[in-house]
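So the sequence lines, in the order shown, correspond to chains A and B. With the working numbering, letter number 583 in the first sequence gets 605, and the count goes up by one each step, no holes. With the working numbering, letter number 69 in the second sequence gets 75, and the count goes up by one each step, no holes. Beneath this line is the structure, given in structure tokens, with notes to follow.
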Amino acid sequence: METFIGKPVKRREDARFLKGAGRYTDDIKLPKMTHSAFVRSPYAHANIRSIDISEASKSEGVVAIYTGADSCGTFGVPCGWQVDFKNGETMREPLHPLLAKDKIKHVGEAVAIVIAETLEQARDAAELVQVDYESLPAVTDARKAMEPGAPLVHEDWPDNASFDWCIGNDRAAVEAALNSAHHVTEMEFRNQRLAPNAIEPRSYIADYDVNAGKWTLYTSTQNPHLIRLLLCAFVLGIPEHKVRVVSYDVGGGFGSKIYHYTEEALLTWASKEIGRPIKWTSDRTEAFLTDAHGRDHVVKSKMGFDKEGKIVAHLTDEYCAMGAYLSTFAPAVPTYLHGTLFQGVYTTPLIHLNVTAPFTHTVAVDAYRGAGRPEATYLLERIISKAAKEMDMDPAELRFKNFIPPFDGVNEPGYQTQVALQYDSGNYPEVLKRGLEMVGYQDFRKEQEAARKNGKLLGVGISTYIEGCGIAPSAVVGSLGARAGLYEVGAVRVQPTGKVSVFTGSHSHGQGHETVFAQFVADKLGIAMDDVEIEHGDTDQVAFGMGTYGSRSLSVGGSAIIKSVEKILEKGAKIAAHKLEAAEEDLEYAEGKWTVKGTDKSISFGDVSLTAYVPHDYPEGLEPGLDFSSFYDPTNFTYPFGTHIAVVEVDADTGKVTLKRFVACDDVGNVMNPMIVDGQIQGGVVQGVGQALLEEVVYDESGQMVSGSYMDYAMPRADDIPMIETDRTVTPCPHNPLGVKGAGEAGAIGSTPAVVNAVVDALAHLGVTDIQMPLTPQRVWKAMQN
Amino acid sequence: MNISITVNGKIHTHDIEPRVSLAQFLRENLDLTGTHIGCDTSGCGACTVTLDGAAVKSCTVLAVQADGGEITTIEGLANGDEMHPIQAAFKENHGLQCGFCTPGMVMTAVDILKNNPDPTETEIRHGLEGNFCRCTGYHNIVKSIQHAAEQMKG
Ligand code: FES
Ligand code: FES
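Next comes the structure, spelled out in structure tokens:
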């Protein structure tokens, strides 16, 4: 019988995408649908003196115009995570209004919505809305925002801090260890602000059905149930059971489509006001100005070593920008998703991280592919490579010296870090060993030496990362400030004919759930993949769900489905035993049938299914039907890890960096579909390379974004990138049924420091020790001249 | 303005505003939503179609400019149920994840292989320069086009 787990099964979702038949939100047209456009502030910080909609209201096709003065002006979007100050003061949490009323706090903030019969009419009328602003000084830099006298983003509070936070060992102990260390390496840099840039812009359609008193919200989101919950219970105060949220195909998310955005709530509110559906689709400039950004940390760090090169202590202080408002998960990103990874893959005995999180006159920062973990990895992997150079050691050797020894989490216990987490299982030396072999490290060093003599600048950069994903045990995150549980729901409905419908709260926006989930369900039930259908993305179909982010779909969502599969098999066995006139314990299940052990007496899955729905000859007291739903709450995070190695050439005349090779040896636990895992790694790696070499959101002093288009914000294109060489080791996760860890973010977490390390390595003989990302030719060239 | 455009072999005559882009015309007037809009400013290539045999970014062509022209969109590529070799190669090589850039990638690949049936990896990457993919890292898109080239050579 054909099995599917671990095989590169081709994706079943591809046919519709390849034929242009995907169902993205902007593709949907509803009867009587109106269109909308927003009037947005051109200033970062301003008082709104007046808004005049009289001309706009007369414009052709206009159905309605709303401003903050209307009743929607009282609603605001809340934050989903609370991190209080170290001194116990409550996190400062401003309401994010659906439309700004008196005050503007970032460029692009919405002031009015114009609803019209056509998109062109809505846009034309929006241009006629007259807003009188009084422009005010702005602050966009996280560190400057905390300087005395900085313009305040929210005047209710004495300074711009939203919260501060620390983790790890006692600061004084860490400082003492640094003072007595044999060698201390220091770094100061900025982990620059990035725009996630899913190629599909955000898109929403809100549809209020006057007769039924129900709403349907079509939305490009990664987590439809979470949006429904926030929208109903925390923003508009409308009954949750009368709202359906639908998210069919979504054109990439990378975090930016997790959050509940003001436009979603405003459209939902307005569709009831006008009694018609309303569509809004962001354009690319709006996406740059209003989608939550990522990163934006200002970092100052010290790492101490003993004579042998063992790390003795690590101390870091960071300013992490929140933006003007707190986006859904924003406070968790530079704290619990960041500081908890400061152990890395090393035995560092003393660690302390201190974070200050200020408001800035910019759009919000929140989780972007990797969320806090790329920032932690960048810091650790850069500082270790820098230290190796300073101590005249090989960067690979320094890492081998400091690795946590292998442990499987079953026979050996998990590894307790200094920063709260307990790693599940890992074999860190092995991935570095494999990575070095793949790249041919020793030979490369010789090649590099020879090239240098000919004026050619080659460099190699290593990164050995760990990340925490499979988010997350509800009780743990609850105690850390999360306002939601982070379990997942998976339901398995066996139809009378033995065909299987699976309903999952996970959401696919490129990850291939329709294929991968069907692979393991088919295997566990011993049936054909064609007999399994995966449903997701519709709150009316799926009981509940927390959605897809933090590489959690398979480890959490998949585990919920497995639980339901187990319940199906348990109940099926009772029916089978009855039909076979045998004891349950005498049965075994394989290849889609229950067999009485040691005999040829058996009954198929299909026959048992039919019996469950036509229960004529049926076990006494057993309910008919084969349909189970389960909630799975993980007992721990999962911890994928790996080694990424970049080889670069720097043009000696221009400073242009060419990525010659990229090698990735990752361990994501058990692998359900290697083709999809490789694809996730390749895509993630390239996003991380983008941060290293190309990408940066730039605001000027006045708070204008100067990188708000594809002309000004550089992302990797096909000819910037080589083929990505991938391999893996497999260290199963000991605490979930599939033994999986998650592969969605690993690529973006490991790759960035590998590239920067490689460039610095290429220029080391010129005395270059660090270059600020992104490594544009200009920056690299300048570094070479100094 | 009245325009008449042949799209995927069928003639469509419409009265449209001169400012309507070809991408909008395809999506809104013809309901051919396979052509995607990722930026509207020639930056991403998601809207790529072929106009009189050459790839164009339909967000930056006005529908009126395409008057009298012949357009192929992603919907017109397959032969009934049978996918075009480029479509088949994308599936075979996992050349897509979220699928949003995919129609533009496939239509650009049509153009690349039409002009150069046997491209090198570098030539393929160069040919894809105008198309963003944020999911795949391009690796499998390049492989898909290499594979398609082999298949199409027969
Ligand atoms: S939508 Fe045409 S290039 Fe982006
Ligand atoms: S597959 Fe998602 S953008 Fe290319």
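Even glycine gets a Cβ: it sits at the ideal position worked out from N, Cα and C.
Ligand 2 heavy atom lying under 6 Å from the CB of residue i
i, result
"C107(B)", "yes"
"Q103(B)", "yes"
"I698(A)", "no"
"C188(A)", "no"
"S221(A)", "The question names Ser, but residue 221(A) is Ile in the sequence shown. Yes, ligand 2 has a heavy atom inside 6 Å of this Cβ."
"R140(B)", "yes"
"G394(A)", "no"
Backbone secondary structure at residue i - three-state DSSP
i, result
"C491(A)", "strand"
"P417(A)", "helix"
"L828(A)", "One cannot answer for residue 828(A) here, as it falls past the ends of chain A, which runs 23 to 808."
"H638(A)", "coil"
"P380(A)", "strand"
"T312(A)", "helix"
"P353(A)", "helix"
"T362(A)", "helix"
"E557(A)", "strand"
"Q438(A)", "strand"
"K16(B)", "strand"
"R33(A)", "coil"
"R165(A)", "coil"
"H100(B)", "coil"
Cβ separation of residue i and residue j, assumed to be a contact under 8 Å, to the nearest whole Å
i, j, result
"A29(B)", "G110(B)", "Their Cβ separation, rounded to whole angstroms, is 10 Å, which puts A29(B) and G110(B) out of contact at 8 Å."
"E412(A)", "T207(A)", "6 Å"
"D689(A)", "P662(A)", "6 Å"
Distance, residue j Cα to residue i Cα
i, j, result
"I556(A)", "L252(A)", "25 Å"
"D749(A)", "F525(A)", "32 Å"
"K619(A)", "Y611(A)", "10 Å"
"I77(B)", "G136(B)", "19 Å"
"I426(A)", "Q365(A)", "10 Å"
"H383(A)", "D318(A)", "13 Å"
"A132(A)", "D92(A)", "14 Å"
"A550(A)", "V538(A)", "13 Å"
"N8(B)", "T665(A)", "60 Å"
"S577(A)", "T570(A)", "11 Å"
"A294(A)", "A504(A)", "For clarity, residue 294(A) is Lys in the given sequence; the question names Ala instead. Cα to Cα, the separation comes out at about 31 Å."
"F429(A)", "V232(A)", "60 Å"
"R224(A)", "T241(A)", "8 Å"
"F653(A)", "S63(A)", "44 Å"
"F650(A)", "L401(A)", "45 Å"
"A164(A)", "P119(A)", "23 Å"
"A668(A)", "G766(A)", "20 Å"
"T753(A)", "G492(A)", "15 Å"
Candidates the options, of which the one nearest residue i by Cα
i, options, result
"A398(A)", "Y155(A), P371(A), Y445(A), E489(A)", "E489(A)"
"G789(A)", "V777(A), V802(A), M795(A)", "V802(A)"
"F422(A)", "R391(A), V578(A), A393(A), R456(A)", "R456(A)"
"E177(A)", "S225(A), E459(A), D124(A), A194(A)", "D124(A)"
"D446(A)", "E434(A), A389(A), M55(A)", "E434(A)"
"Q244(A)", "A386(A), T350(A), V161(A)", "T350(A)"
"G710(A)", "L337(A), A418(A), P796(A), A605(A)", "P796(A)"
"S485(A)", "C491(A), I493(A), Y450(A), M697(A)", "Y450(A)"
"S184(A)", "A167(A), H336(A), I698(A), T621(A)", "A167(A)"
"A768(A)", "L716(A), V587(A), L681(A), P396(A)", "P396(A)"
"V112(B)", "F138(B), T128(B), D87(B)", "F138(B)"
"E613(A)", "E606(A), A605(A), S624(A)", "S624(A)"
"D629(A)", "G594(A), L609(A), E262(A)", "G594(A)"
"Y813(A)", "T96(A), G130(A), S575(A)", "With chain A covering only 23 through 808, there is no way to say anything about residue 813(A)."
Any non-hydrogen atom of ligand 1 within 6 Å of residue i CB
i, result
"S242(A)", "no"
"G133(B)", "no"
"S48(B)", "yes"
"I77(B)", "no"
"G44(B)", "yes"
"G764(A)", "no"
"A52(B)", "yes"
"C101(A)", "no"
"K63(B)", "yes"
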